[in-house]
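Residue numbers for the sequence shown follow my numbering, beginning at 83 and rising by one. We put the CB at the ideal spot given by N, CA and C, even for glycine. Note that the structure is a prediction, hence the values are computed from the model and not measured.
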Amino acid sequence: MATNPAGRRPGTQAKETSPVGAHRRFVAPWVRTRLRTAPGAALAFGLLVLLTSFLAAAFPRAVDAYENSGLRHDVTAAAPSRSGLELTTPPPPIERPEAAREASLLPARLGPLHRRVLGLLPEPLRADPGQSAYGVRTTKSLVARDRWLPRPDTKDPEFTLAAHSGLAEHATVSEGRLPRVTGKVTSATREVEAVVTARTAKTLNIRTGSVVHLGDPAGTVLSARVTGIVEPREPGGGYWSHDSLLRTPGLDSTPTTLPQVYWKGALLIAPEAAPALLGTTGNPQPYWRIAPATAHLTAADVPRLTSRVASLEDGPDLLRLKEAVDENAELTTDLDGVLASYGSMRSAIAPVVAVAAIGVGAVATVVVLMTGGLFAARRRGEIALLRSRGGSLRGIGGRLLAETAVVTVPAAAAGLLAAVLAVDDARLPYAALGSGAVALVACAALPVRAMAQHRVARAHRGRDDLMLARPSGRRKVAEVTLLVLAVGAVVALRRRGTSDAGDHLVSAAPVLVALIAALVLVRLYPLPLRWAARPAARLRGAVGFLSLARAGRSSAIGALPLLALLVALTTAGFGGSVLAGVDDARARAALLATGADARISGDGDAVALPEGATRAVREVSGVRTVTTVQIEHALRLPARDDALTTPPAASLVGVEPKAYAALSRGLDLGPFPADTLRATGSASPVLRAVASPGVAEWLGRGPHRISSLAGEFTVEVAAVRERTPAVSSADFLIVDGSRLTHRAPTALLATGDAVDGRALRAAVRDLDKDLTVRLRAEARASFTDSPLQSGAERIYAAAIGAGAGYAVLALLLSLLQSAPERTTLLARLRTMGLTTRQGRQLLGLEALPPALLAASGGVLVGLATIRLLAPGVDLVRLALAAAPDVAPVDGATLRADAWSLALPAAGVVLLTAAVTGAQAWWTGRRGSVNELRAGDMR
């Protein structure tokens, strides 16, 4: 890099020019010269930075994307009665003039107020005008006296009358026409026109032209003439489902000791006919129903959105609505509950995802640092020459930083651009911060490493050897600090779990454990190799001794590759355990929900199955066994004399002992021997039962008389089980069904490796259209309907792949860094008679101990990490779409996955063997002259 004193190339004449002109003309630019000297290395480093920058930018954007999708999904999937907002005002005061009361219910007043209310919604809350509506409804149902209406328990049905806006835009007239108003409607009007939905018409036997007489026991106060039947265009939207009674009638019961069941429905009248409701006892109430728009919502809006909803319920924003509508207006919504549920799931998933992010980030950082170390090692002679000729550390470091930045900064920017294009609907600042961090580390890796190695100008370096290396006091302090941090992180995670989403120390526990393991292994592993080299020295061949001796004196820089491999293998093992634990929890929940691979039953397990059902199901393709059970929910257990509390609500399960015992044993769900249910006694047999812990505790020991719909019998608890296939409830009582007085199977539990769901449903439909079929595979798929869950799983899978890729790079960089030394060693040994075959064996045996160390250490550290952290990691939120309080499983914890532990470890060993074998083969084809140079200190 030096020029002659005259500042000119050899063999040229000096020109009369200024010193500044000579400098500009003859001194080659450093950056351009270096890039032209090693374009391949610069391109490879740029690709590494581009890939790392892309991952660092794509991760926060992917998290943002699935969190945004999860928020919109949760708000959209929630019942409109929960996610929607309803603003109501009291019925018009009776002291007001009748004309004013009537005018207050007309669309001419309610419509402008509706538009004003939508405009007053605070950001980020916005309305979906297409699903929002306003109108007037009766707050008290009106009794219908017509004898042609259905009456389950002889009680008259009740109707709600609603003057709902926008009916023509949200419904299709399937029969007749929409209601109209002829003349002026007042509170004295006694007949109005109405329409009903097709579901209401079918259930309540209403036809076009029917007249429904509404009133009270004193007589009819209003008649509704049905002019048409409509079909909702979007029955699941907020317009029809905010009050589901508008589209679907339902059964209700009286709050009496002996409740009576009766029908409730809705009649839709014209908005202009709303004043007629003032003449009834229904207390008509104006309302404005607002369906929230979700397309613009992001996860970052949740805190502000929650605050705005609270303000609308009881705060400044409610006061503004009252000023615009009515001073007594009230707003009700459960949108804050939807947001709280979303926030709870998000907070539970975020720390688990952070574990994967920190693991991959640590491996990527180590790989980038190793690349800088490789470049520094290859240019050690060049930098030492510059130092010996007066080059300053600052000047050399600045030039190295400039040549690195020319490659790194554009590559990091390209990675950021690729991440922005690949992942949409996410924030840019966090992605830019990630790419900037990658660029900073990549720019500083080579200069810092070179400046640290060449603080003192030396002609050559001594052997960088573990035998000669002596850890400094600073290193010991750093290692002890890391050990304390790792212990603290593990203890914190085991005690309080992953509940604190902002505690990144807890999420870094696997990385800290791997770091401590790497430091311990680097300190310990040369010792057994040196011990093994002693007996190998007495053998006839030199290959075994040389390989063990060299492996035992491995370069001290091997700690960095070992750290990368251990962190990568630990991250892969931890990620595999997370995915395995999630899969186990979903499989368990699906099994508890169905009880078998397929479940066939009626409504509430209360309808007896038709004859031939068992035979028809058994003939379906894929069905192996069919077990019949009789289920009676809400079984009344006998009261205890000393008990002040009511007995638990249990489920009675009547089974065929042998078949059901085989089913429970095959599913590993509360197995018990068939003889457990064998009755005792002959004249008045006592049924032996399998009970849940709660039922067994309530009944205690001895026989008990139980009265049920299946008959009266005496039962004695013979065994206690936590779960059983027939029911998912926590309290149950299993008896021999053949001993019941009224034997009537109500459910079929079918097992099989590949049950044909379509054929099964067709066979069941031919038997009874009201029977339902639930498949275990479909139940399992239903637990992944949240984008939060599926997004987190995709990130974990990507983290495992990225960690494996960086582990491969770390291994290759480690082997490349020591490749020149191994090549020189083979060349020198060949001059002493070493054969090509022996050279290959030497390289393979030398590289095998570190590879085995990394592989076995990765497996052991992965297992230890899973065992240490499993008590503190609950995967219920990640595994199941249901909330923990309603989830059908008690918990979901980590489970070691053999494939994710063994496969990457085996790949490390195989890749090491392949690379060293390829190097030995290539070295054997080359001559040894270039490697045997005088003065070479390698």
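- Taken through DSSP and simplified to helix, strand or coil, Ser872 comes out as helix.
- If you draw a straight line from the Cα of Leu642 to the Cα of Met452, it is about 7 Å long.
- When beta bridges are read from the DSSP output, Ala832 appears opposite Ala680, Val708.
- If you draw a straight line from the Cα of Ala138 to the Cα of Ala521, it is about 10 Å long.
- Here Leu992 is exposed, its C-beta having fewer than 16 other C-beta atoms within 10 Å.
- Our two residues, Phe457 and Val113, have alpha carbons roughly 15 Å apart in a direct line.
- Inclusion of Ala863 and Ala680 in the CB contact set at 8 Å is not warranted, their separation being larger than that value.
- Counting only runs that start and end inside the stretch 173-232, the beta strand (DSSP E) elements of at least 3 residues fall at 215-220, 224-226.
- Arg116 carries a helical assignment under DSSP once its states are collapsed to helix, strand and coil.
- For Gln367, there is no enclosing alpha helix (DSSP H); the residue is part of the beta strand (DSSP E) that begins and ends at 366-372.
- The residue from Leu647, Val559, Arg605 with its alpha-carbon nearest to that of Val593 is Leu647.
- Excluding sequence positions up to five before and after Ala889, its CB lies within less than 6 Å of the CB of Leu647, Ala650, all in the same chain and listed in chain order.
- Membership of Phe814 in the beta strand (DSSP E) is indicated by the continuous run 814-818.
- Just measuring C-alpha positions, the residue of Asp228, Thr171, Ala519 sitting nearest Val218 is Thr171.
- For Ser789, the secondary structure class from DSSP, reduced to helix, strand or coil, is strand.
- Assignment of Ser810 by DSSP, reduced to helix, strand and coil, places it in the coil class.
- DSSP, read as helix, strand or coil, puts Pro314 in strand.
- Straight-line measurement puts the Cα of Leu891 at about 20 Å from the Cα of Gly944.
- In this structure the stretch 463-476 does not lie against the stretch 896-910, because fewer than three pairs of beta carbons, one per stretch, are closer than 8 Å.
- It is roughly 7 Å from the alpha-carbon of Ala859 to the alpha-carbon of Ala672.
- Annotated three-state conformation of Gly736 is strand, per DSSP.
- Beyond the five residues adjoining it in sequence on each side, Ala662 comes within less than 6 Å, by CB distance, of Arg977, Asp979 in the same chain, given in chain order.
- Relative to Arg706, the option among Asp835, Thr415, Thr285 whose CA is nearest is Asp835.
- Under DSSP, Thr854 takes part in a beta bridge, and its partners are Ser683.
- For the options Glu701, Arg803, Ala430, the alpha carbon positioned closest to that of Val955 is the one of Ala430.
- In the DSSP assignment, His246 forms a beta bridge with Gly217.
- Just so you know, the alpha carbons of Ala493 and Ala500 end up roughly 10 Å apart.
- By alpha-carbon distance to Val566, the top candidate from Val595, Asp838, Ala695 is Val595.
- Within a 10 Å sphere around the beta-carbon of Trp613 sit fewer than 16 other beta-carbons, which makes this residue exposed.
- Taking a contact as a CB-CB distance under 8 Å, the pair Leu895 and Val449 counts as one, their CB atoms being some 7 Å apart.
- A contact between stretches requires three or more CB pairs, one per stretch, nearer than 8 Å, and the stretch 710-723 fails this requirement with the stretch 842-860.
- Judged by beta-carbon spacing, Arg876 lies beyond the 8 Å limit of Ala513, meaning their Cβ atoms are not closer than that value.
- In the DSSP secondary-structure assignment, Val294 is bridged to Ala306.
- The three-state reading of DSSP puts Leu333 in strand, counting E and B together.
- Taking one beta carbon from each stretch, the stretch 390-410 and the stretch 277-284 have fewer than 3 pairs nearer than 8 Å; the two do not touch.
- For Thr415, there is no enclosing alpha helix (DSSP H); the residue is found in the beta strand (DSSP E) stretching over 412-415.
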